[in-house]
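Working notes, beginning with the structure itself.
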Amino acid sequence: MNASLLLQLLPCLATAAAYGQATIEGRVELPKAHAAPVVSKRYEIVTKGGVVATDPPMAVVYLEGPFANPAVPLPTAQMAQKDLGFVTPLLPVSVGTKVEFPNLDETYHNIFSYSQAKRFDLGRYRPEERPIPFQIFEAPGLVTLHCDIHEHMRGLILVLATPYFTKSDTAGRYRLAGLPAGRYTLKAWVNSKTTLERAVELKSGSNLHVDFP
Amino acid sequence: MWTFPDRPPAVKQGGTSSFRGKLLIAMMLVISATTLAALYFAQRGMETHAQRTIEQEFQAAFANLLGVQAAHRAMIAERCGAVAGALRTRSALEDHNLEALYLNADIELRALLKSGPPASNASALRATFFRFLDAEGAVLPPPGDYGGPLPAPLDAQLAAAAGADEQQAAYLAVKVGGARTRIDELVSTPITSTDTGEVIGTLALGFRPAEFGAQFAGAEARSGIWLDGRLHLPSLEAASLDSLGQEILRGAPSSGGAASSLAVTAGGAPHLLLYKLLNPGSRFPPAYEVCLYPLISAVAGQEHLRWQILGAGALLLCGGLGASHFISVRFAAPVEQLAVDSAEHRAGRERAEAELVLTNEALVARNVELQTALTDLKATQQHVIQQERLRALGQMASGIAHDFNNALVPILGFCELLQIRPEILANRPKALSYLDTIQTAAKDAASVVGRLREFYRADKGLKPFAPVHLKRLLEQTITLTRPKWKEQAQAAGVTIDVALELEPVPPIAGEESALREVLTNLIFNAVDAMPAGGTLTLRTRREGDSAVIEVADTGTGMTEEVRLHCLEPFFSTKGEHGTGLGLSMVFGIVQRHSGSLDLRSAPGQGTTFSIALPLMDAIVGPVAEAQAPKPQRALRVLVADDEAAVRDTLCAILMTEGHDVTFAADGHDGLRRFGAGQFDVVITDHSMPGLNGDQMAAAIKRLAPQTPIILLTGFGLFYDKKEFPDIDVLVSKPVRIPALREAIATATSHS
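Chains as they are written, first to last, in the numbering used here: chain A, 1 to 213; chain B, 1001 to 1751.
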């Protein structure tokens, strides 16, 4: 059944491609890294691989528009806990995506979120917990993840109501390809307080360059 | 003598008794003052001490109260800190999940909010409410009844905590019906973001201040809070509260957070008020913990103490006054005695001082007398010295006359013989022998007169030292004194032998006439010391750089006492015959010659005087050289004399010397001839008719000042050259060839 769905979907994509797909690229100016290194010594007792370094800031650039929810099931995403850190700390997903939270450390983790977009508390679980604890994110918004045991751990899942999104590199450069023509709003999520946006008009086969800000 | 009325010292009886009274009064005053001062200081010191003790007690109690309250507050603050710092609290606030936020906090703080009945355990931790505030200070409303009831006026006051990054202590007034208010204590704790670390909200927890007053601050103390200019002290009436509140407001800014004290009146009674800032550095209005301690018991204690001190002081004063009376009586007695003694002393001293003044005047008068006597004595001394010399002259005069007559005998005799028997002149050898005898006799006569001259000259001031040949001096002197030791002795029937033991010695530097006087004196003394005859010995010898003259006799000698004093002036053993000046003159002259006088003598052993005089060679400095007669050159000589015999003799002598001679019969003639010719030297007699010798000399000097003039005079020994300013050389008659030669040489050497 899955295969037939895929087969149904493929012509749609092909027609979109036949219209000519637009591309946006540019650069988002990123804030300086503010995350302080983890200083708490008590974690070193429970981990062998050390504490995962905080990732440098990155932006998520996505195109907002009246896109219909894809009928096909979306691929499952993962946000693992490894070396007392989230891998990766910033995860953009489409609405409806199932995210698994595998524990790759040899200690308990307790992932929870108080965010409006998704409230959950996975409770304490060990690496061998099966099935792997997961959540399906139905509402768009930012979900802040914490570990009740390791207070320094902080992860972000950006649930987006669009299939067109990408993560910039650490210098802020991004490229969005395969975009449909039309009038949309291009948004750049920089951090939990800052989301920049720009109205764009995409034409078939056009290649737009947008820098933020 | 001066005498003073022997009056008794006047000491008034009233004076001493008044002294006693004064002493008593003074001591009483001193004792009273001391006692009062001591009482004052003792009372003040004890009061201060008591006050300080009480204050310290109260301070300690107050500190105790503060400590307990601080511990209470710290426990609550710690609990709040734990809640505010919890990850779930932070993330719930961050995500604005109020339900989760209050639920979590409620789980942590419920124990505080709901614990037991308040009355049972006043010191238990009891919160009244808690609230979360957002970053702007707005209260985040709790879902349901989480967080307890928040009194209405407080929500506005809580906003002050917004944005603070530290825990804050606050005290807030809560109205509890009517005019009554309650003070709630509040701890606000900031909550930080899990993302950025920024302050994103505040946890505010209100609780009742622990009511520890009676338990910790002391039984009588009343404790309360001063907030916002108002004092909240439950058991005090409103009027007192207001006035005390004002007082704290005045003192508080200067206290700087430390515990301070004020002495105040509350409810009409004295109190000690202690207060301390409770929330230094807080954003909320300052609040002070206030404790009021009644001082009534302390004041009563002080009153009691004061009475005790006063009683002790009174006793002390009475004792001191009694003692002062006793002491004044005891001390007054010796002082009264002292006053009597002192009056006597003063009288005695005044008398002695007056006598001293008189004695001093007498001494001054005596001193003047002594000065006068000394002056007289000096004059007398001069006079006596002169007399001594005249006496010696007189003694010699007879001898001189005798000698002179003796000398004249052969002269006259042979002259008469030649006049009676002119044929003898033909017998040349015989005539020559007669002439020799006459010449010798004439020389002797001349020397006799010369002796007189030498003696006379001795009185003429000090002369420059010249070479003196001692041998010749001694021979001359012994000859000169011959009348003393030969003729007078023989006349007295004693024989004195004279022995000359004269070793040749180099000349010494000295004044010949003075030394001759020395020797004459010593010889006279020696002769006088030998009343039974004996030997007079004169010796000369050389000892090193000195020539020694010894005059020794074999006479009676001197006793020790005489030997010690014989050189002193006016010391004489000769009674009326001596002046006592002879040896002292001798000593003076020897000293003037830088010589030394030695004296050896013993009774019956005779006396030996030794005089040591430095040799000429030993004397440093220029000494008048003995002028050897220079070879004469031929001179043009003008001779003026009214006596032809003298003129002829001079003519013969000068021509024999090879000079060119011109004669003049008198002064006028001489002047005329001088004007007619040219002369190297002029020789003139003194006494001449018309123009005498020195008048002529004066005239010649006016014509030719450079021409030397020699004056011949029979009175030469009585004159001094200074009396003839125009004369260059003075020569005594009779003129001898050597003397004339020397005179011419001297005169011409000047020009």
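Beta carbons: idealized from backbone N, C-alpha and C, even for Gly.
In this structure, how does DSSP classify residue i when only helix, strand and coil are distinguished?
i                       : result
residue 1291 of chain B : strand
residue 1283 of chain B : coil
residue 1318 of chain B : helix
residue 1532 of chain B : coil
residue 1733 of chain B : coil
residue 1415 of chain B : helix
residue 1508 of chain B : strand
residue 1128 of chain B : strand
residue 1278 of chain B : coil
residue 32 of chain A   : coil
residue 125 of chain A  : strand
residue 1018 of chain B : helix
residue 1366 of chain B : helix
residue 1541 of chain B : strand
residue 1228 of chain B : coil
residue 147 of chain A  : strand
residue 1348 of chain B : helix
residue 1165 of chain B : coil
residue 1140 of chain B : strand
residue 1633 of chain B : coil
residue 1660 of chain B : strand
residue 1361 of chain B : helix
residue 1516 of chain B : helix
residue 1600 of chain B : strand
residue 1006 of chain B : Confidence at residue 1006 of chain B is low in this model, with a pLDDT of 47, below 50, so the placement of that residue should be treated as unreliable; the coordinate-derived value is given next. In this structure, residue 1006 of chain B counts as coil in the three-state DSSP scheme.
Given that residue i touches chain A, what residues does it touch there, using C-beta distances under 8 Å?
i                      : result
residue 945 of chain B : Since the first residue shown for chain B is 1001 and the last is 1751, residue 945 of chain B is missing from the structure and cannot be characterised.
Mind listing the chain B neighbours of residue i? Cutoff is C-beta to C-beta under 8 Å, in chain order.
i                      : result
residue 148 of chain A : 1087, 1088
In the DSSP assignment, find the alpha helix (DSSP H) that holds residue i and state where it starts and stops.
i                       : result
residue 1752 of chain B : There is simply no residue 1752 of chain B to check, as chain B begins at 1001 and stops at 1751 in what is shown.
residue 110 of chain A  : Here residue 110 of chain A belongs to no alpha helix (DSSP H); instead the beta strand (DSSP E) covers 109-113.
residue 1808 of chain B : Not covered by the structure: residue 1808 of chain B. The range shown for chain B is 1001 to 1751.
residue 1479 of chain B : 1470-1480
residue 1157 of chain B : 1154-1158
residue 1584 of chain B : 1582-1592
residue 1176 of chain B : Element bounds for residue 1176 of chain B: n/a, residue is neither H nor E.
residue 98 of chain A   : Where residue 98 of chain A is concerned, there is no enclosing alpha helix (DSSP H), although the beta strand (DSSP E) it sits in stretches over 97-100.
residue 1698 of chain B : 1693-1703
residue 1793 of chain B : What the structure shows of chain B is the stretch from 1001 to 1751, and residue 1793 of chain B is not part of that stretch, so it cannot be assessed.
residue 1492 of chain B : 1489-1492
Please compile the residues from chain A whose C-beta is within a distance smaller than 7 Å of the C-beta of residue i.
i                       : result
residue 1091 of chain B : 114, 144, 146
residue 1100 of chain B : 114
Give the range of the beta strand (DSSP E) segment to which residue i is assigned.
i                       : result
residue 1686 of chain B : Run containing residue 1686 of chain B: none; DSSP gives neither H nor E here.
residue 1639 of chain B : 1636-1640
residue 1670 of chain B : Per DSSP, residue 1670 of chain B belongs to no beta strand (DSSP E); it is in the alpha helix (DSSP H), 1667-1676.
residue 135 of chain A  : 134-137
residue 1193 of chain B : Note, residue 1193 of chain B: premise wrong, no beta strand (DSSP E); not H, not E.
residue 1207 of chain B : 1199-1207
residue 1550 of chain B : 1546-1552
residue 27 of chain A   : 22-27
residue 62 of chain A   : 60-64
residue 1612 of chain B : 1606-1614
residue 93 of chain A   : 90-94
Within the present structure, is the beta-carbon of residue i separated from the nearest heavy atom of the ligand ATP by less than 7 Å?
i                       : result
residue 1387 of chain B : By its list of ligands, the structure shown contains no ligand whatsoever, and the ligand ATP lies outside what it can speak to.
Legend entry - Residues in the stretch 1183-1214 of chain B having any Cβ partner in chain A nearer than 8 Å: Against chain A - using a Cβ distance shorter than 8 Å - the residues of the stretch 1183-1214 of chain B are 1194, 1195, 1196, 1197.
Legend entry - Proximal residues, the stretch 146-180 of chain A versus chain B, C-beta separation under 7 Å: 146, 148, 151, 154
Legend entry - Contacting positions in the stretch 187-205 of chain A - beta carbon closer than 9 Å to chain B: Within the stretch 187-205 of chain A, 191, 192, 193 place their CB atoms closer than 9 Å to a CB of chain B, listed in sequence order.
Inset, instruction - Tell me the start and end of each unbroken beta strand (DSSP E) in the stretch 168-213 of chain A that is at least 3 residues and wholly inside, in chain order. - result: 173-179, 182-191, 194-202, 207-209
Inset, instruction - Taking only runs that begin and end inside the stretch 1035-1069 of chain B, name each unbroken beta strand (DSSP E) of 3 or more residues, in chain order. - result: none
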